[in-house]
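Input: a single structure, listed below in structure tokens.
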Amino acid sequence: MRKEWFARIFVILLLAAAISIPVAGWWKRSQGIVIHARMAETGGWTPENLTVQVGQPLHLRLTSDDVTHSFAIGQSDQPPVDVIPGEMTDVTLVFDRPGKYTFYCTRWCSVNHWRMRGTIEVTGPTTTTEAVAPPLYVTLGLDIDAKHQAEFVPAETPSALRGALLHQVIPPAYQSREYYLIHTPVELWKALGGEPALQKLYDQDVWDLVAWVWQANTTSQELQLGKQLYAANCAACHGEQSGGNGVFADQLAQPKSKNPTGMQAGDMPVKPANFTDPNTMLSASPAHLQGKIIRGGMGTSMPYWGPIFTEKQTWALIAYLWTFQIEMEKLP
Amino acid sequence: MSTLQEIPWLDKAAADENAKAIRQARTVRNRYNLLRISWLLPLLINRWPQFVIRAMTLAGFVFTITAGLIGTRVGSHNFAIIFVWIAWWTALKLSFIPFGGRSWCSICPIPLPGDWLQQGGILTKGRGLGLNLHWPKRLKGSWLQSGAFLLIGLFSAVTLTDPRVTGWVFVALFGLSIGLSLVFERRAFCSHICPIGGFTGIYAQTAPIELRVIDTEICAKHDDKSCYRGCPWGLYPVAFRDSATCGLCMECLRACPQDNLALNLRPFGADIGKPRTAKRLDEAFLTLVMLGSVLAFTSVFVGPWGWLKSAAYAIGSLRWVGYALGFLALNLIVLPGLFSLAVWAGQKYTGKKFPLNREIANQAQALLPLGLMAWIAFTVSFALPKWGYVVAVINDPLGWGWNLLGAGNILWSPDVSGFSPVLQVILLLIGLFWSANVARRLADSDYRRTVPIQVFCLAFTLGMLWLLIG
Amino acid sequence: MPVIKTIRWQPWAVWVGLALAVLFIPFPTAATTPTDRTYHIEASRFEYTPAVLTANPGDRVTIELTATDVVHGLSIDGYNLVTTADPGQTARLTFVADRQGSFRFRCTVTCGNMHPFMIGKLEVGHNTLFWRAIVLSGMTLVAGIWKLKK
Numbered sequence: 000m001r002k003e004w005f006a007r008i009f010v011i012l013l014l015a016a017a018i019s020i021p022v023a024g025w026w027k028r029s030q031g032i033v034i035h036a037r038m039a040e041t042g043g044w045t046p047e048n049l050t051v052q053v054g055q056p057l058h059l060r061l062t063s064d065d066v067t068h069s070f071a072i073g074q075s076d077q078p079p080v081d082v083i084p085g086e087m088t089d090v091t092l093v094f095d096r097p098g099k100y101t102f103y104c105t106r107w108c109s110v111n112h113w114r115m116r117g118t119i120e121v122t123g124p125t126t127t128t129e130a131v132a133p134p135l136y137v138t139l140g141l142d143i144d145a146k147h148q149a150e151f152v153p154a155e156t157p158s159a160l161r162g163a164l165l166h167q168v169i170p171p172a173y174q175s176r177e178y179y180l181i182h183t184p185v186e187l188w189k190a191l192g193g194e195p196a197l198q199k200l201y202d203q204d205v206w207d208l209v210a211w212v213w214q215a216n217t218t219s220q221e222l223q224l225g226k227q228l229y230a231a232n233c234a235a236c237h238g239e240q241s242g243g244n245g246v247f248a249d250q251l252a253q254p255k256s257k258n259p260t261g262m263q264a265g266d267m268p269v270k271p272a273n274f275t276d277p278n279t280m281l282s283a284s285p286a287h288l289q290g291k292i293i294r295g296g297m298g299t300s301m302p303y304w305g306p307i308f309t310e311k312q313t314w315a316l317i318a319y320l321w322t323f324q325i326e327m328e329k330l331p
Numbered sequence: 000m001s002t003l004q005e006i007p008w009l010d011k012a013a014a015d016e017n018a019k020a021i022r023q024a025r026t027v028r029n030r031y032n033l034l035r036i037s038w039l040l041p042l043l044i045n046r047w048p049q050f051v052i053r054a055m056t057l058a059g060f061v062f063t064i065t066a067g068l069i070g071t072r073v074g075s076h077n078f079a080i081i082f083v084w085i086a087w088w089t090a091l092k093l094s095f096i097p098f099g100g101r102s103w104c105s106i107c108p109i110p111l112p113g114d115w116l117q118q119g120g121i122l123t124k125g126r127g128l129g130l131n132l133h134w135p136k137r138l139k140g141s142w143l144q145s146g147a148f149l150l151i152g153l154f155s156a157v158t159l160t161d162p163r164v165t166g167w168v169f170v171a172l173f174g175l176s177i178g179l180s181l182v183f184e185r186r187a188f189c190s191h192i193c194p195i196g197g198f199t200g201i202y203a204q205t206a207p208i209e210l211r212v213i214d215t216e217i218c219a220k221h222d223d224k225s226c227y228r229g230c231p232w233g234l235y236p237v238a239f240r241d242s243a244t245c246g247l248c249m250e251c252l253r254a255c256p257q258d259n260l261a262l263n264l265r266p267f268g269a270d271i272g273k274p275r276t277a278k279r280l281d282e283a284f285l286t287l288v289m290l291g292s293v294l295a296f297t298s299v300f301v302g303p304w305g306w307l308k309s310a311a312y313a314i315g316s317l318r319w320v321g322y323a324l325g326f327l328a329l330n331l332i333v334l335p336g337l338f339s340l341a342v343w344a345g346q347k348y349t350g351k352k353f354p355l356n357r358e359i360a361n362q363a364q365a366l367l368p369l370g371l372m373a374w375i376a377f378t379v380s381f382a383l384p385k386w387g388y389v390v391a392v393i394n395d396p397l398g399w400g401w402n403l404l405g406a407g408n409i410l411w412s413p414d415v416s417g418f419s420p421v422l423q424v425i426l427l428l429i430g431l432f433w434s435a436n437v438a439r440r441l442a443d444s445d446y447r448r449t450v451p452i453q454v455f456c457l458a459f460t461l462g463m464l465w466l467l468i469g
Numbered sequence: 000m001p002v003i004k005t006i007r008w009q010p011w012a013v014w015v016g017l018a019l020a021v022l023f024i025p026f027p028t029a030a031t032t033p034t035d036r037t038y039h040i041e042a043s044r045f046e047y048t049p050a051v052l053t054a055n056p057g058d059r060v061t062i063e064l065t066a067t068d069v070v071h072g073l074s075i076d077g078y079n080l081v082t083t084a085d086p087g088q089t090a091r092l093t094f095v096a097d098r099q100g101s102f103r104f105r106c107t108v109t110c111g112n113m114h115p116f117m118i119g120k121l122e123v124g125h126n127t128l129f130w131r132a133i134v135l136s137g138m139t140l141v142a143g144i145w146k147l148k149k
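Chains as they are written, first to last, in numbering that gives the first Met the number 0: chain A, 0 to 331; chain B, 0 to 469; chain C, 0 to 149.
Right, here's the structure in full:
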């Protein structure tokens, strides 16, 4: 009889170990913050909203339940951390200023990848509301949803180098940063064409001058940064050569009934913008483009990048977008 | 009906001498009784070693289910998926079955709770629970096991990759086994439903281990059939025609008062190659289902056809219905049809004609070696490249970032691409040679009878070769 | 005195000799001038399009991998090459296909539950192992049927 009890206890102990080890692990896990990443269609970030005190470290353990994701904080220097399926990544965050921070996924995980966002509310003893200056398009009263067409388009791609080699003097008013930000290339072309000193130039030459002015408002570091941001954030929809034909373009253009992954009501089925089209690009000013980037929407699936990109990053991205309309090669 | 019987220690001394004499006296051609090895017999007679191993597999099984149900949903990082479909499957196909026949059944944990409830105790007999009904005669045979295996095949893409599904499937099997043990006598689940039992059984006929009676004269004089009463599978060892049904549980060994049972080492394929008169179409069907399934599994998992994988994975969709119909057609119509045609053609052009049913059941034996080798070759492609996950999953069974072995996030991937194609060719050629040999032996001295069957075997081999290395 | 079984070794020797010949005789290959090939592969869950690539021995093959839904990877069995592509960022891999045969390539970034089975095939020249195996199969069948053992 003794050996029967011995056998039973042996079995019970082994079974208890088999069940209690995972359960103990489960309990221990729930003591800390574990963020599960899933594609937006199946839940996105869980949990989505976190709170922490200013200066207090926030320990996060991140894991993915399906595909490769990545964790980054918008408008911060925090480098992105890959979130790998089946593995745990540890990250500790410390915020020195109170506010509402957005965290987001930086590796494309579905057509709705950009909707994978969450917030971290950082509370402090003295929460002052900072007055943030409204973006340019608001101050200018631009309607960034209005349709716009270029009245005139160049016969061939304007080249900054050719423009430089024309050795023309351009009135300083046109060369300021402020002018660049609030005017479209077509407006500059018309203005330059009206200058008495530049009357003798051909239309294409004037376009080259426009290119030269535009290029003078960018730096090669800016273009490099813009290129990286474009490749990581925009190319999947807008296309690697920005022809509006990225890998998700077809899915975005399908009507709601056929598009099971479409998430937001009211999203028009339309292909992403084609930045190689001079009609739409040359009739837009940098401020206009900034508005579209940071606000998104327009009834389409265009994301709003306001909480994600810093202002510097947005201008760098816009500078890069101009390279699809203008050859930015510099004078050596 | 009791299923346990202890040998009274008083009689043991005399019985030992007698048993030793029996074991030494009778030497069967081509058989080596492993129980002659002095340390092996006590190890098997004593219930503790087997019990300890089975208790551990039971705990492992419960851990697997838990991991499957609450661990990470990422299949490749979950203990349930990797340990069941990579580690255990490889062990089953590469060592348990080819070298031990139904040896997995001897340590399988699934029937344990049912057994204990039926007996009313683990190592001692108590007041057991259960209705102990006879299994319905119409449901006997391996038809249900074939059906169970086909069911797995239909849902394989999801079962083999989603930890939750694997977890729930095992809960279901466990529940079914316990439930059936409370209604029917003995190991009803193992004998009649378990899909693993189905194919380990038919391939056990090719394996080099068998449990057999030593001297039938002694059995003839023995009125109290203690081996039959002790067998949890309800078998009568004296009447063993082959090793397909014996689960190597060793209970008859413990029950026989004359120690008249031997665990023999024997040549490969000893149970097949002799003409059979029983119309066991169910075994023939299961043999063909195994051939069809290995072709299907190889195409889906190891082939380059993404559309096929997507169809197999998208359960419930129209594409999946197409896949399911194709899978069932292959297993229910195409292969059985072609094989029956081959048997019929073989008979048509020779003298003696046997009933087709009987001849199909008879000739199907020849397909067993080829099937065994094909499944081993498939496992080489399917599982060997993923053995790196086994270490990772021991280190972090639930995908929660544990570091039990200190191995960190290292994923070591064995590069089997150098030798695995050659290995697969060798395995398939061995299978083809062996099957051709068996088919020839069944030819009843007229080799033309088997030519269509040989062609069938060759076509299957070429098909597997193309899928694996083409 | 135990009876020693005599096995006719001559037919076996002939078979083994033929088998070795089949295994080691160099494959007759038409000489082709190595060219440059580019394959544009789209990777989705869980297939590569196209999944079967062909090349001649010596060709310089460039694979442009475009991921169309999630991050995917590609590694070729037998070649020590790996690349990863995020949607929107095409990855490029260039190598010289110096070995003949059929090589599987697989996804290297977990992209879902069927990820371990996301497989394609690179066929370089003739699949010499496959052809040899076919001939050996025929020979094996003959050996199995023929009464080679007394």
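Even for Gly, the Cβ is constructed at its ideal location relative to N, Cα and C.
Query: Distance CB(T449 of chain B)-CB(L367 of chain B) smaller than 8 angstroms; Result: no
Query: CB contact below 8 angstroms: T67 of chain A versus chain B; Result: no
Query: Exposed unless 16 or more other CB atoms sit within 10 angstroms - verdict on L61 of chain A; Result: buried
Query: Length of the line joining the Cα atoms of I109 of chain B and A171 of chain B; Result: 11 angstroms
Query: Spatial distance of L68 of chain B from M38 of chain A (CA atoms); Result: 21 angstroms
Query: A373 of chain B and A438 of chain B closer than 8 angstroms at C-beta; Result: no
Query: Reference T63 of chain B; option with closest CA among B:V164, B:S316 and B:Q362; Result: B:V164
Query: Short CB-CB distance (under 8 angstroms) between D249 of chain A and chain B; Result: no
Query: Contact with chain C by R28 of chain A, beta-carbon distance below 8 angstroms; Result: no
Query: CB contact check: G119 of chain C to chain B, cutoff 8 angstroms; Result: yes
Query: Residues sharing a beta bridge with F102 of chain A, DSSP; Result: A:I72 and A:G117
Query: Exposed unless 16 or more other CB atoms sit within 10 angstroms - verdict on G417 of chain B; Result: exposed
Query: Cα-Cα separation between L3 of chain B and R275 of chain B, rounded to whole angstroms; Result: Low per-residue confidence applies at L3 of chain B: pLDDT is 44, beneath 50, and the placement is therefore not dependable enough to give any value.
Query: Beta-ladder partner(s) of T37 of chain C, from DSSP; Result: C:T61
Query: Meets three-Cβ-pair contact criterion under 8 angstroms: the stretch 193 to 208 of chain B and the stretch 260 to 277 of chain B; Result: yes
Query: Local conformation of T217 of chain A per DSSP, three classes; Result: coil
Query: Residue range of the unbroken beta strand (DSSP E) whose run includes D89 of chain A; Result: T88 to V93
Query: Rounded separation between E120 of chain A and G24 of chain A - CA only; Result: 29 angstroms
Query: Cβ pair Q88 of chain C, A315 of chain A closer than 8 angstroms; Result: no
Query: C-beta neighbour in chain B for P115 of chain C, strict 8 angstroms; Result: yes
Query: Interface partners of L57 of chain A on chain B, CB under 7 angstroms; Result: Residues of chain B passing the Cβ test: none, with the nearest at roughly 17 angstroms.
Query: Residue burial classification, Q220 of chain A (beta-carbon count within 10 angstroms, cutoff 16); Result: exposed
Query: The stretch 313 to 325 of chain B in contact with the stretch 237 to 247 of chain B per 3-pair CB rule at 8 angstroms; Result: no
Query: Contact with chain B by G87 of chain C, beta-carbon distance below 8 angstroms; Result: no
Query: Three-state secondary structure assigned by DSSP to R1 of chain A; Result: helix
Query: Against chain C: residues of the stretch 412 to 446 of chain B by CB proximity under 8 angstroms; Result: D414, S416, G417, P420, V421, V424, L427, L428, L431, F432, W433, S434, A435, N436, A438, R439 and Y446
Query: Chain-order list of residues whose beta-carbon lies under 7 angstroms from that of L334 of chain B (same chain, five-residue window excluded); Result: L287, L290 and G291
Query: Element boundaries [beta strand (DSSP E), containing S63 of chain A]; Result: P56 to S63
Query: Amino acids of chain C, ordered along the chain, whose beta-carbon sits closer than 7 angstroms to that of D161 of chain B; Result: N112
Query: CB contact below 8 angstroms: R106 of chain A versus chain B; Result: no
Query: Near-chain B residues of the stretch 191 to 218 of chain A (beta-carbon distance less than 7 angstroms), N- to C-terminal order; Result: none
Query: CB contact below 8 angstroms: A313 of chain B versus chain C; Result: no
Query: Below-8 angstroms beta-carbon distance, V61 of chain B vs any chain C residue; Result: no
Query: L34 of chain B vs A261 of chain B beta-carbon contact at 8 angstroms; Result: yes
Query: Status (buried if at least 16 other CB within 10 Å, exposed otherwise) for E46 of chain C; Result: buried
Query: Below-8 angstroms beta-carbon distance, I18 of chain A vs any chain B residue; Result: yes
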